[in-house]
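Working notes for the structure below.
There are 2 protein chains.
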Amino acid sequence: MGLSRKCILFVAMSLDGFIASSNDSLDFLKSIEKEGEDYGYKEFMDTIDTVVMGRRTYEKVMTLVPEFPHAHLRSYIITKNPKPTEGNMHFYSGNLSELIHSLKTQQGKDIFIDGGAILANSLFKINAIDEIVVSIVPFLLGDGVSLFQNSLQNKNIELISCKHYSTGLVQLHYTIPSIS
Amino acid sequence: MGLSRKCILFVAMSLDGFIASSNDSLDFLKSIEKEGEDYGYKEFMDTIDTVVMGRRTYEKVMTLVPEFPHAHLRSYIITKNPKPTEGNMHFYSGNLSELIHSLKTQQGKDIFIDGGAILANSLFKINAIDEIVVSIVPFLLGDGVSLFQNSLQNKNIELISCKHYSTGLVQLHYTIPSIS
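For the protein sequence lines, the chains are Z and X, in the order given.
Per this note's numbering, numbering of the first sequence is gapless, rising by one per residue and ending at 180.
Per this note's numbering, numbering of the second sequence is gapless, rising by one per residue and ending at 1180.
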């Protein structure tokens, strides 16, 4: 879009490409939990001011924590069943392209695409994701929710950085060129 | 098995987990071809003396090159339709566990599992793969032959090393513990 504000998918997956088990469990992430290690999450959060999240991921998050963790940021929960806005939290059931276009034409920091796979793939399809930061967890889940669901075909992407951690997690940062 | 000879899967996949497109094309690998860069292949080949390969991969390889590239090594082509041995090349249609056990109880260098996905997953299922060296190509294929086909479930693996290259290829080397 020629604008500087980017949509960034920041996500963890097993080596075999799953972001959650088939019952939406994130237990596989326990294998890389380490005191004092956030794998760059806080640093990343400092670069964003807006969060876009799918409804199912939102509901999963709310079972894990007492309060919505992004309450201080502007956030959009993408849902088929809209609810009234709560503070900075907007329940959005309109056109996704229009939302992204609207956000990108506003001034601001980058936009955090906080999952899940359905939202990520909807955004891949409309070429709305500019960068992926994917943390590869040293685990084979075997089954579950696939991050990549055939939404981008024959697409070159570009590695920006590769970091590895003592827990065996490898964090890959790619840009997705808008034209491949 | 308590023996030192290892079965190592050395393979390249797209970020979305495919080792070939649905028509068995490897064209996506062209994106990381670079004069003089073999991504550690020769160094790896110096550590092995035996190759195990699936029939479909073997036939694909033979369409790409005039001669079998591992003719100087002992090799086993796993097939349902055995043929007579040709030089060092054995067409094997027996029990896969027995072959691997037999190879591992012999003296020798490590054993190269040279694909494809069917063989790799058959070997995952019988816990016969000790290490994976997976090169992640900065490409989204969208569809094709998946490397991981749900053969290992809820399995912790261990990162040995992570290398990244100027082409954007990232090579991850894991051990698969025989008991998770």
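Backbone N, C-alpha and C define an ideal beta-carbon position, used for all residues, glycine too.
On a predicted model such as this, the values are computed, not experimentally measured, just so you know.
Counting C-beta pairs with one atom in each stretch, the stretch 1117 to 1124 of chain X and the stretch 1061 to 1076 of chain X have fewer than three that are closer than 8 angstroms, which means they do not touch.
Assigned with DSSP and collapsed to three states, Z/SER146 falls in strand. Z/LYS163 and X/ILE1129 have their C-alpha atoms roughly 26 angstroms apart. Cβ-Cβ separation between Z/LEU169 and X/ILE1157: approximately 12 angstroms, too far for a contact (criterion under 8 angstroms).
A contact is defined here as three or more CB-CB pairs under 8 angstroms, and the stretch 1010 to 1026 of chain X fails this definition with respect to the stretch 1095 to 1110 of chain X. About 7 angstroms separates the beta carbons of Z/GLN171 and Z/GLY40, which is inside the 8 angstroms limit, making them a contact pair. Between the beta-carbon of Z/TYR92 and that of Z/ILE113 there is about 13 angstroms, and that puts the pair past the 8 angstroms contact cut. For the pair Z/PHE28 and Z/VAL145, the CB atoms are not nearer than the 7 angstroms cut-off. Near chain X, meaning a CB-to-CB distance below 9 angstroms, the residues of the stretch 118 to 147 of chain Z are PHE124, ILE132, VAL134, ILE136, PRO138, PHE139, LEU140, LEU141, GLY142, ASP143, SER146 and LEU147. Around X/ASN1156, the beta-carbon contacts reaching into chain Z at under 7 angstroms are SER31, PRO138 and PHE139. Secondary structure at X/ALA1117: helix, using DSSP grouped into helix, strand and coil.
Within the same chain, and ignoring the five residues on either side of Z/TYR76 in sequence, the residues whose Cβ sits closer than 6 angstroms to its Cβ are VAL52, HIS90 and TYR92. By the CB criterion at 7 angstroms, Z/LYS6 and Z/GLU131 fall inside the cutoff. Sixteen is the threshold: when 16 or more other Cβ atoms of the shown chains lie within 10 Å of the Cβ of X/THR1050, as they do, the residue is buried.
The alpha carbon of Z/LYS34 has as its nearest neighbour, out of Z/ARG56, Z/VAL137 and Z/PRO69, the alpha carbon of Z/VAL137.
For X/SER1102, no beta strand (DSSP E) encloses it; the enclosing alpha helix (DSSP H) starts and ends at 1096 to 1104. Among the bridge pairs identified by DSSP, X/GLN1171 is matched with X/SER1135 and X/LYS1163. If you compare the alpha carbons of Z/ILE126, Z/PRO84 and Z/ASN81 with that of Z/ILE100, the shortest gap goes to Z/ILE126. In the same chain as Z/SER22, and ignoring 5 residues on each side of it, the C-beta atoms closer than 6 angstroms to its own belong to ASP143 and GLY144, in chain order. Identification of residues in the stretch 16 to 28 of chain Z having a C-beta nearer than 7 angstroms to some C-beta of chain X yields ASP16 and GLY17, given in sequence order.
By the CB criterion at 7 angstroms, X/LYS1155 and Z/LEU140 fall inside the cutoff. For X/HIS1101, no Cβ of chain Z is located within less than 7 angstroms of the residue's own Cβ. In the DSSP assignment, Z/HIS90 forms a beta bridge with Z/TYR76. Z/ARG56 is not a Cβ neighbour of Z/GLY94, given a cutoff of 7 angstroms. One Cα belongs to Z/PHE68, the other to Z/LYS42, and the distance between them is close to 16 angstroms. Membership of Z/PHE28 in any beta strand (DSSP E) is not indicated, and neither H nor E is assigned to it by DSSP. Taking CB atoms only, Z/GLN171 has no neighbour in chain X less than 7 angstroms away. Approximately 7 angstroms separates the beta-carbon atoms of Z/GLU37 and Z/TYR165; this is inside 8 angstroms, confirming the contact. Inclusion of X/ILE1032 and X/THR1167 in the CB contact set at 7 angstroms is warranted, their separation being smaller than that value. The three-state reading of DSSP puts Z/LYS34 in coil, since its state is none of H, G, I, E or B. Annotation: Z/TYR76 has no Cβ neighbours in chain X at a cutoff of 9 angstroms; minimum Cβ distance is about 25 angstroms. Listed along the chain, the chain X residues whose CB falls inside 7 angstroms of the CB of Z/GLY168 are GLU1158 and LEU1159. The three-state reading of DSSP puts Z/SER178 in coil, since its state is none of H, G, I, E or B. Under the three-state reduction of DSSP output, X/VAL1065 falls in the coil class, being neither helix nor strand.
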